[in-house]
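Chains as they are written, first to last, in the working numbering: chain A, 104 to 440; chain B, 104 to 440; chain C, 104 to 440. Below is one structure; the comments refer to it alone.
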Amino acid sequence: MAVTLAELARRFQGKVRGNPEIKIERVATLDAAGVNDIAYVGDRKYLPLLARTKAGAVILSPADAQNFTGTALIVDNPHLCFAQAAELLHPSAKFTPGKHVSATVDPTARVAATACIGAHAVIAAEAVIEADAYVGPGCFIGAQASIGARARLIANVVIGERCLVGADCIFQPGAVVGSDGFGYAKDGDKWCKVPQLGRVVLGKAVEVGANTSIDRGALNDTIIGDGVKLDNQIQIAHNVRIGENTAIAACVGIAGSTVIGKRCTIGGQAGIVGHLEIADDVHITAGSLVTSSITQPGVYSSSLKAEPVEKWRRNAARLHQLDELARRLIELEEKLK
Amino acid sequence: MAVTLAELARRFQGKVRGNPEIKIERVATLDAAGVNDIAYVGDRKYLPLLARTKAGAVILSPADAQNFTGTALIVDNPHLCFAQAAELLHPSAKFTPGKHVSATVDPTARVAATACIGAHAVIAAEAVIEADAYVGPGCFIGAQASIGARARLIANVVIGERCLVGADCIFQPGAVVGSDGFGYAKDGDKWCKVPQLGRVVLGKAVEVGANTSIDRGALNDTIIGDGVKLDNQIQIAHNVRIGENTAIAACVGIAGSTVIGKRCTIGGQAGIVGHLEIADDVHITAGSLVTSSITQPGVYSSSLKAEPVEKWRRNAARLHQLDELARRLIELEEKLK
Amino acid sequence: MAVTLAELARRFQGKVRGNPEIKIERVATLDAAGVNDIAYVGDRKYLPLLARTKAGAVILSPADAQNFTGTALIVDNPHLCFAQAAELLHPSAKFTPGKHVSATVDPTARVAATACIGAHAVIAAEAVIEADAYVGPGCFIGAQASIGARARLIANVVIGERCLVGADCIFQPGAVVGSDGFGYAKDGDKWCKVPQLGRVVLGKAVEVGANTSIDRGALNDTIIGDGVKLDNQIQIAHNVRIGENTAIAACVGIAGSTVIGKRCTIGGQAGIVGHLEIADDVHITAGSLVTSSITQPGVYSSSLKAEPVEKWRRNAARLHQLDELARRLIELEEKLK
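Okay, structure coming up:
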């Protein structure tokens, strides 16, 4: 696919500076781009590359454009424009509607004529696959589950029984939705399983990363709001609720019944314990552990940072004496009064 | 399914206060329950909901029942009674015995007539599937592996060759048992793989969460005791041994050859390094790192807790100076002697 | 398989002390070994077992051999010799070349005659499977992906479209290569997906653990060097580059665009944030968080260690006052000047 720079400007509300008739075929990085590529400044540290890029055009903010003499597509939000240009120039591979001959589709399932069911996929009884959805090879859709229009399940994805997937959701390989929550009652020394009767309900345009798992609710549902983005290797426990447009990085764990607001961001490997409420617009740094509810927007952290081990061990050893050290400080203060 | 409250009381050794002939059809939460539902107080903070619940009956301890005037099922362990009532009222879907036409079962495998092998499941040579076991869609059972009676593998579960699964085990989707342990010998700069020759042996009534992995032993076996419950996204390394009825929350990692006692609980995202021994009845809080053996029962922690980032950064910066600060404190103390 | 001790010595450049004609059939641990087994000292703490082992022979370093009177195979690197002996005595199960009748192989894919495609595996259009490769049951190989000679994908492994897998790579079950990177542009409150157009390129002899995920690059590729070993449950984000022979333990997360050197080791549950550079020969301890680039070889840490919870809580509470405590210390110092 190739479009003129003028056409990109028209679609994405930008201004061309330079030759609007240049043909753009691909997106590329500043250093790898050629004459038919469009690039952008992915990070401020790459600004010096602007001077020597061979890109046919560069997507720039009005401010950055002042420091560049080449052909530019000037827009208010270069990152967004780049994403949209990439989508236009490199559309997802089209699939052919229909069921692969090796797929297993229960006769009581309802599969839209425009949906695609991949090789060895399994669609259980009374499941619903809406128009233009793609259920890739090796996926399993449980009984009475529903997959929204245009949803894409790449491969080996499991959607448990009765779970609801909204339109335009994307599931990377190995994602699991609707596993049982971790619920047990103590019976002497033993654990007695508490049946997990709720569902997982995902809104529209949710993305679920590779090998991420989302447990079904115990009684009520686990709820993932519209536009939530979940990276790989994440664990969402039963009855968690996540507000719209919250983004969660890889390896995060969220324990049961915690409610997270809208537009939050949670850094990689952070953890949030159960039964908390996290307000809208809260940002948690990577590796932090949240142990109490957060009622105010803002950035929260308990992240440490690695240093050379000899130095760290001395500091960490003192941390394990810290209460005593603090008491001795207080004693000194009192002596000096 | 519907039973009278009297019948529930009889089965679960409880006392009815109020109308014993009331029909109970479902379990539900206090706020969602209707006249044919039975509820319980899942957490002390929900006690205020008792006053206005519309539940047909509530499962209560004798103490809590004193503060409630409605129909009650009074038992010593309400959580356990609730779990049992849920199991009774909402039994797991029955499966039809037999092999799905699309399943691949090696002619040398032995599959009980009452077992169910799902669509596209693969049972390798000389594997054994015991009575009433359920091997769901897309599961793989390796050569000479054995699946105990009534075990349930939901979907896309992998049990490696020669691994043994006890009766009544449950595997959530994406669980992997019997992957190779991470064993290498140094050969100059390179790593030479050490063949992993052991098995994983799981006792009875073990539950393994979604996308959890358990490595086979290097020479001897990795051993998971009866009644152990493993949540999602857990890593159990080679030659780990876990005692009976220990419960491990999501995202925990346990390194090689560590031995964990009975009745332990390990909080989410905790880590335990290799070659340790952890006594019975040890409880590790979420996010803690265990770096030495624990010989006494009790609660152990190295959890931090997130606070507003400006405050945290000042404290964390001091942590990286802590050894020096401690020395200065000691100096002051000496000056003042 | 059985070989004489003399034959083992010849193959692995060792010296026999004792009877070279003894038949060795298996490797075993010191305490479990019998007269036809060869053992070694896996950890210094097992040295006392030497005195009473019943092993036919023990692989020992020249130094350890001085404290042992039994039959010994004396080599410079006992661990490596043990790994090689184990590989010789316990070779991986041979597979039969060819496509399983239930596998789905696109007619435009190129599969070597000596490769094996397992039950219900899916090989998409224009994919290439080289000689002697093993693609196990339930694996999915995306369009135009390439699997090198002798690579082994155990079961339910996903290799995304266009990704390249070098010769002799091993993939444990549930591994995912080529999932989309976590890339979004802000569009008001919403996240707009940035198409992930790069690939994952794995060198030779890479091992990828169970349920580990490696994202494809956004524009350029994610690159995993020759001989890299990745344990289970690891997350490698888009555009990460990992140098040759680096080994990463389970549950590690590496954020986008970070570059890691050669011969590094990263302990379990460690995290490395995005856009960093880590030098060659860097070692990170378990549970550490790396938040800035590391330019010098060495060991780096921010690991804490669990202690009894009452003690820890007092210390941790002081950590949250640490900046204030430090200021008070400085005040005291000034008063005393």
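All C-beta atoms, glycine included, are put in the ideal place defined by N, C-alpha and C. Being a predicted model, the structure only gives us computed values, none of them experimental.
* Asked: Since His386(C) contacts Cys367(C) with CB under 8 Å, what's their CB separation in whole angstroms?
  -> 7 Å
* To do: With Lys438(B) as the anchor, note down where its beta strand (DSSP E) starts and where it stops.
  => Careful: Lys438(B) lies outside any beta strand (DSSP E), inside the alpha helix (DSSP H) at 425–439.
* **Phe115(B) at chain A interface by Cβ criterion, 8 Å** => Phe115(B) does not count as touching chain A.
* For Gln299(C) and chain B, any beta-carbon pair shorter than 8 Å? -> No, Gln299(C) lies away from the interface with chain B (no Cβ there is under 8 Å from its Cβ).
* **Minimum C-alpha distance to Asp134(B) - residue among Arg255(B), Gln275(B), Gly159(B), Pro400(B)** => Gly159(B)
* Answer yes or no: does any C-beta atom of chain A fall closer than 8 Å to that of Gly441(B)? => Look at the range of chain B in this structure, 104 to 440, and you will see that residue 441(B) is not part of it.
* Chain-ordered chain A contacts of Ala186(B) [CB-CB under 9 Å] -> Gly286, Tyr287, Ala288, Asp290, Cys295, Lys296, Val297, Pro298
* If you measure from the beta carbon of Glu437(A) to each beta carbon in chain C, is any gap under 8 Å? -> Judged by the 8 Å Cβ criterion, Glu437(A) is not in contact with chain C.
* Would you call the region 304–313 of chain A and the region 301–311 of chain B touching, i.e. three or more CB-CB distances under 8 Å? -> Using a C-beta cut-off of 8 Å, the region 304–313 of chain A makes no contact with the region 301–311 of chain B, since fewer than three inter-stretch Cβ pairs fall below that distance.
* **Beta carbon proximity, Asn441(B) to chain A, threshold 8 Å** => Shown here, chain B extends from 104 to 440; a query on residue 441(B) therefore has no answer.
* To do: Spell out whether any CB of chain C is found under 8 Å from the CB atom of Gly137(A).
  => So no, Gly137(A) is outside the interface.
* beta strand (DSSP E) runs wholly inside the region 199–286 of chain B, at least 3 long, in chain order -> Listed in chain order, the beta strand (DSSP E) elements of length 3 or more contained wholly in the region 199–286 of chain B are 279–282.
* Asked: Asp292(A): buried (16+ other C-beta within 10 angstroms of its C-beta) or exposed?
  -> Answer is exposed; the Cβ neighbour count stays below 16.
* Rounded C-alpha distance that separates Gln275(B) from Ser249(A) -> 20 Å
* Below 8 Å between beta carbons: does that hold for Ser360(C) and Asp318(C)? -> no
* Can you tell which of Val412(B), Asn259(B), Val268(B) has its C-alpha closest to the C-alpha of His397(A)? -> Note on identity: in this sequence residue 397(A) is Ile, with His being the wrong assignment. The residue with the shortest Cα to Cα distance from Ile397(A) is Val412(B).
* So Arg120(B) is in the beta strand (DSSP E); what residue range does that whole segment cover? -> 118–120
* Would a C-beta distance cut-off of 8 Å place Glu233(A) and Ala215(A) closer than the cut-off? -> yes
* To do: Count the other CB atoms, across all protein chains shown, that sit within 10 Å of the CB of Arg155(C); report buried if there are 16 or more and exposed otherwise.
  => exposed
* Asked: For His93(C) versus Leu322(B), is the C-beta spacing smaller than 8 Å?
  -> Because chain C spans 104 through 440 in this model, residue 93(C) falls outside it and cannot be assessed.
* Stretch-stretch touch, CB-based, cutoff 8 Å, three pairs: the region 170–180 of chain B with the region 196–213 of chain B -> Output reads no: the region 196–213 of chain B does not touch the region 170–180 of chain B.
* Which residues DSSP lists as bridging Ile162(C), in chain order -> Tyr143(C), Leu176(C)
* Rounded Cβ spacing between Thr174(B) and Leu108(B) (contact assumed at less than 8 Å) -> 7 Å
* To do: Using the DSSP secondary-structure output, state which residues sit across from Cys295(A) in a beta bridge.
  => Looking at the DSSP output, Cys295(A) bridges to Ala288(A).
* Asked: Is Pro411(A) helix, strand or coil by DSSP?
  -> For Pro411(A), the three-state secondary structure derived from DSSP is strand.
* Element boundaries [alpha helix (DSSP H), containing His182(A)] -> Segment 181–192, the alpha helix (DSSP H) holding His182(A).
* The alpha helix (DSSP H) spanning Leu111(A) covers which residue range? -> 108–114
* Residue interval of the beta strand (DSSP E) (run including His386(C)) -> From DSSP, the beta strand (DSSP E) with His386(C) extends over 385–387.
* Helix, strand or coil at Lys148(C) according to DSSP, with G and I counted as helix -> helix
* Asked: Are the region 400–411 of chain C and the region 405–424 of chain B touching, with three or more C-beta to C-beta distances below 8 Å?
  -> yes
* Asked: Just curious, the beta strand (DSSP E) that Asp318(A) is in, first and last residue?
  -> 316–318
* Asked: Using DSSP with H/G/I as helix, E/B as strand and the rest coil, what is Arg129(A)?
  -> strand
* Asked: In or out: Glu310(B) buried (at least 16 other Cβ within 10 Å) or exposed?
  -> buried
* Asked: What residues in its chain sit with their C-beta under 6 Å from that of Gly312(A), if we drop five residues either side in the sequence?
  -> Gln275, Leu333, Asp334, Asn335
* To do: Give the straight-line distance between the Cα atoms of Ala350(B) and Ala168(A), rounded to the nearest whole angstrom.
  => 58 Å
* Quick one: what's got a C-beta closer than 8 Å to Ile220(C)'s C-beta in the same chain, skipping five residues either side? -> Correct list, in chain order: Gly201, Lys202, His203, Ala206, Val208, Val214, Ile226, Ile232, Val238.
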